[in-house]
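Trainee:
2 protein chains.
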Amino acid sequence: MYICNANRMKDKIETFSNYGDTGNGGITRYSLSKEAIQAREEFIRRMEAIGAEIATDDMANIYAIIPGSDPNAKRIVMASHVDSVKNGGNYDGILGVISAMEVLETIVHEKIPHKHPLTAMIWTNEEGSLYPPAMMSSGVICEKFDKDIMLASKSILDGKTTFGEALKASGYIGKEENRLNPFDYKCMFELHIEQGPILEKANKDIGVVTCVLGMVNYRIRTYGQADHAGTTPMKYRKDALYAAAQVLIHLHNELDKLDSELVYTTGEIKCNPCVHTVIPDFIDFSIDARHEDPKVIEQVVNIIENIPKEFAKCEVGYEKAWARETVYFNEELVGFVKDSADELGVSNQYINSGAGHDAQFVSEMIPTTMIFVPSKDGRSHCESEFTSVEECTNGASVMLNAVLKADAK
Amino acid sequence: MYICNANRMKDKIETFSNYGDTGNGGITRYSLSKEAIQAREEFIRRMEAIGAEIATDDMANIYAIIPGSDPNAKRIVMASHVDSVKNGGNYDGILGVISAMEVLETIVHEKIPHKHPLTAMIWTNEEGSLYPPAMMSSGVICEKFDKDIMLASKSILDGKTTFGEALKASGYIGKEENRLNPFDYKCMFELHIEQGPILEKANKDIGVVTCVLGMVNYRIRTYGQADHAGTTPMKYRKDALYAAAQVLIHLHNELDKLDSELVYTTGEIKCNPCVHTVIPDFIDFSIDARHEDPKVIEQVVNIIENIPKEFAKCEVGYEKAWARETVYFNEELVGFVKDSADELGVSNQYINSGAGHDAQFVSEMIPTTMIFVPSKDGRSHCESEFTSVEECTNGASVMLNAVLKADAK
Chain C
1 MYICNANRMK DKIETFSNYG DTGNGGITRY SLSKEAIQAR EEFIRRMEAI
51 GAEIATDDMA NIYAIIPGSD PNAKRIVMAS HVDSVKNGGN YDGILGVISA
101 MEVLETIVHE KIPHKHPLTA MIWTNEEGSL YPPAMMSSGV ICEKFDKDIM
151 LASKSILDGK TTFGEALKAS GYIGKEENRL NPFDYKCMFE LHIEQGPILE
201 KANKDIGVVT CVLGMVNYRI RTYGQADHAG TTPMKYRKDA LYAAAQVLIH
251 LHNELDKLDS ELVYTTGEIK CNPCVHTVIP DFIDFSIDAR HEDPKVIEQV
301 VNIIENIPKE FAKCEVGYEK AWARETVYFN EELVGFVKDS ADELGVSNQY
351 INSGAGHDAQ FVSEMIPTTM IFVPSKDGRS HCESEFTSVE ECTNGASVML
401 NAVLKADAK
Chain V
1001 MYICNANRMK DKIETFSNYG DTGNGGITRY SLSKEAIQAR EEFIRRMEAI
1051 GAEIATDDMA NIYAIIPGSD PNAKRIVMAS HVDSVKNGGN YDGILGVISA
1101 MEVLETIVHE KIPHKHPLTA MIWTNEEGSL YPPAMMSSGV ICEKFDKDIM
1151 LASKSILDGK TTFGEALKAS GYIGKEENRL NPFDYKCMFE LHIEQGPILE
1201 KANKDIGVVT CVLGMVNYRI RTYGQADHAG TTPMKYRKDA LYAAAQVLIH
1251 LHNELDKLDS ELVYTTGEIK CNPCVHTVIP DFIDFSIDAR HEDPKVIEQV
1301 VNIIENIPKE FAKCEVGYEK AWARETVYFN EELVGFVKDS ADELGVSNQY
1351 INSGAGHDAQ FVSEMIPTTM IFVPSKDGRS HCESEFTSVE ECTNGASVML
1401 NAVLKADAK
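As given, the protein sequences belong to chains C and V, one line each in that order. Numbering follows this note's numbering, in which position 154 of the first sequence is assigned residue number 154; successive positions increment by one, without gaps. Every number in this note's numbering is 1000 more than the matching position in the second sequence, counting from 1.
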């Protein structure tokens, strides 16, 4: 068993946390921004220092490749992203890149024998915070998204600059033939923070990820009548917000009867006209539900699509926004992660991913899996994200040994 | 008994509906806008045509005055506003001005004897739609608002232009000594659309307004924790929106136990961060409650201020935004309106005003009352506002006779 170096991990975590530092313990590092370019330069500097060859593809994804003993063997890649949400933390995404770097550094410094070339990789624009959607580049490369549509995605800040323009300006566009592909790549690992409280509550260091949860997304709408708050007797009102509150509680009551692993969320609510002296005539809210088992998702759909058509004299409607099925990771790779953690004596458990990751798209192209490390208080996408250096290093060590197991097959 | 002229009323309603015509049956006529200036010019043109003298004061309120038989008698004024909300209708405000003009026109054309000088008046910026707050000029003149603060009020459209700048640019600034005041003015009438469904549902032509309802305004807040929608098990969540829905229903359940005349409304809701993949950590919603009886308002306050401190594991807080006491109109003037309607054989009932009007401020300076005419379907502040010419003319006739009764006292 090999282990990674905690001091080197700490140094990288601290260094990368400078790029986009908000001054409040977190970072804002939109994809292809000045700050993201600084992080890319740091990655290249450190990877060239261990003799890695650098390549980029047409979506500006970066590959740092060290040779293996068999020049004809397919590469094994470890990948994540350096971009963040607004006021994000120092771990989401970047920790997967740091750990990939650390694995290569450990292998080079300790001259660990291996057959396959090994790659540390940065995915461009995983968050989609500035140029939606999320997981843009893996979506293009795995043929989930149309590249031309993605290039036309506009900055949410200025509403004008396109992702294509930002890509050109970055100077990181490479050849399309350099893309991750099933002929040159054997398999992929992605290490990520859990973004939830499960590992911490269970006191485990490693989450052996088995799948990305299936989900459905609906918009629920209530239709009322806008009248004056002071002049309309209660009995004549059609209050769309009061109706929406009843619908929300109805959904909670019904969904709570399903499997206890189900998660569902109303995160967004829009109110029209949203004036304190006017009875709302229209409410639109989101509902996002996730579960591994498609049968449970089907029950959720049944509840939503059979919602009573009227609450509080207001008509109620729904629209299916989108859905995805549960994506299971490669069983053999999942086994390598589990065995590595066990053999290293690192506490671990199986876990699923409720969040989306580039790995879920890639898993349809080549064998893929993920490794989770704990998130303090379950927090992510915020400045208070935290995972200790020890936990981070344990994660990198597990990935190192899992990669070597894959290399040996 | 005298009656107003339906054809003249129709002509005025149609003419004024051109100024700010949205093309969809309504108007947008912000105070002091080009469109509002056109309406002012039309008012002056028509009032000069019947020999009225025109004056303006320092808030650009316009007074059209015809003499009475006693040059030393105080004036009787009929007033309302020509400004509208965005995409408003052809009746709110402007109908009170049109009716005031019609009363003067009828008196002049039919040479109706009267002792007091009579005034038709336009209040500047009643709606406050472009330059908040509402009832700005009556607020300044009745010493509810500080004039300098009002002059500094900024356009909600460009965030820069001040009300003071718009006032200067209008060319309508006159002398402060021209302001409505208790030495020169005996009493005020304001005719307005009901803005609610009560008269229509009761099949009455006239609302004899007795008071403007007292009200309280609170902000209710729930505090949760922002976590990832996909990675946070339900049992660990603090969902501020789910809590807010429960609070809203709790308030409805409790407030519905009070007097059936109580009206209360949650028109505004803010959600943070309002992203469909994030559990909301903060909800802030308004609650506006109105009732004539201060004891009922006190019960409302008790319910709000004794709201349970926690719903769905989220802390709940409240903040009192503002309140006003019920403003009763002058009993003698209310009687003149009632008697005029009865004597004209126009169906009528007592009613209160749930909405605010300039008359509520003026009533603290001089005897004041209001006359309501029906609003079709109770609609107002929208393009579909409608009151028939017959109903409008009945309203003007009631005001004419009430003014003459006040003149005779």
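The C-beta atom is built at its ideal place from N, Cα and C for all residues, glycine as well. All values derive from a computational prediction rather than experimental measurement.
1. Counting only Cβ pairs nearer than 8 Å, list the residues of chain V close to E268(C).
2. Report all residues from its chain with a CB closer than 8 Å to the CB of V389(C); omit the five preceding and five following residues, and keep chain order.
3. In terms of alpha-carbon separation, which member of A73(C), A55(C), I304(C), L130(C) lies closest to A36(C)?
4. So, with DSSP's three-state summary, where would you put I112(C)?
5. Please report the residue range of the beta strand (DSSP E) in which Y242(C) lies.
6. Please name the residues in the segment 279-299 of chain C whose beta-carbon is closer than 7 Å to at least one beta-carbon of chain V, in chain order.
7. For Y1063(V), collect the residues of the same chain with a Cβ closer than 6 Å to its Cβ; drop the 5 residues on either side in sequence, then sort them by chain order.
8. Anything in chain C within Cβ reach of G1196(V), meaning under 9 Å, just list it in chain order.
9. Could you check the C-alpha separation between S380(C) and G89(C) for me, to the nearest Å?
10. Can you tell me where the beta strand (DSSP E) holding M370(C) begins and where it ends?
11. By a C-beta neighbour count over all protein chains shown, 10 Å radius and 16 as the cutoff for buried, is A1402(V) buried or exposed?
12. Please report how far the alpha carbon of K1405(V) lies from the alpha carbon of F1336(V), in whole angstroms.
13. Starting from the beta carbon of I1249(V), find every residue of chain C whose beta carbon is closer than 9 Å, and list them in chain order.
14. Excluding sequence positions up to five away, which residues of its chain have a Cβ less than 6 Å from the Cβ of V85(C)?
15. For a cutoff of 8 Å on Cβ pairs, would you count L1213(V) as touching chain C?
16. Identify every residue that forms a DSSP beta bridge with V212(C).
17. Quick one: grab the DSSP three-state call for S286(C).
18. Since T1407(V) and H1116(V) are thought to touch, with beta carbons under 8 Å apart, how far apart are those beta carbons, to the nearest angstrom?
19. Following the continuous beta strand (DSSP E) through E1190(V), name the residue where it begins and the one where it ends.
20. List the residues of chain V whose Cβ lies closer than 9 Å to the Cβ of A355(C), in chain order.
21. Given this structure, state the Cα-to-Cα distance separating Y172(C) from N61(C), to the nearest angstrom.
22. When burial is assigned at 16 or more other CB atoms within 10 Å of the CB, is L1426(V) buried or exposed?
23. Quick one: which unbroken alpha helix (DSSP H) runs of 4-plus residues sit fully inside the segment 1015-1075 of chain V? Chain order, please.
24. With a cut-off of 8 Å, does the C-beta of T1265(V) fall near any C-beta of chain C?
25. Tell me where the beta strand (DSSP E) around A1152(V) begins and ends.
26. Quick one: which unbroken beta strand (DSSP E) runs of 3-plus residues sit fully inside the segment 116-140 of chain C? Chain order, please.
27. Quick one, which of V209(C), I287(C), L262(C), F163(C) has its alpha-carbon nearest Q349(C)'s?
28. Using a C-beta cutoff of 8 Å, does S380(C) count as contacting chain V?
29. If we define contact as Cβ-Cβ less than 8 Å, is H252(C) a contact residue for chain V?
30. To the nearest angstrom, report how far apart G1196(V) and Q1038(V) are at their CA atoms.
31. Taking the straight line between their C-alpha atoms, what separation do you get for E190(C) and Y1223(V)?
32. Which first and last residues belong to the alpha helix (DSSP H) in which N401(C) is found?
33. What residues in its chain sit with their C-beta under 7 Å from that of E1105(V), if we drop five residues either side in the sequence?
34. Quick one: residues in its chain with C-beta nearer than 8 Å to the C-beta of R179(C), no 5 flanking neighbours on either side, listed in chain order?
35. Which one or two residues does DSSP pair with C1382(V) in a beta bridge?
36. Starting from F361(C), follow its DSSP beta bridges and name the residues at the other end.
Mentor: So, to answer that:
1. C1271, C1274, V1275, H1276
2. A6, M9, K10, I13
3. L130(C)
4. coil
5. First-last for Y242(C): 240-255, but that is the alpha helix (DSSP H), not the beta strand (DSSP E).
6. I279, P280, S286, D288, R290
7. A1055, T1119, M1121
8. D227, H228, G230, T231, T232, P233, Y236
9. 7 Å
10. 368-373
11. buried
12. 6 Å
13. Y242, A245, Q246, I249
14. E127, S129, H381
15. yes
16. V327(C), S353(C)
17. strand
18. Note on identity: in this sequence residue 1407(V) is Asp, with Thr being the wrong assignment. 5 Å between Cβ atoms; contact.
19. 1185-1193
20. H1228, A1229, G1230, T1231, T1277
21. 8 Å
22. Since the first residue shown for chain V is 1001 and the last is 1409, residue 1426(V) is missing from the structure and cannot be characterised.
23. 1034-1049
24. yes
25. Where A1152(V) is concerned, there is no enclosing beta strand (DSSP E), given that its DSSP letter is neither H nor E.
26. 118-123
27. V209(C)
28. yes
29. yes
30. 29 Å
31. 35 Å
32. 389-408
33. R1008, I1050
34. D57, D58, M59, N61, I141
35. Answer is none; C1382(V) lacks a bridge partner.
36. The partner list for F361(C) (beta bridge, DSSP) is empty, contrary to what the question assumes.
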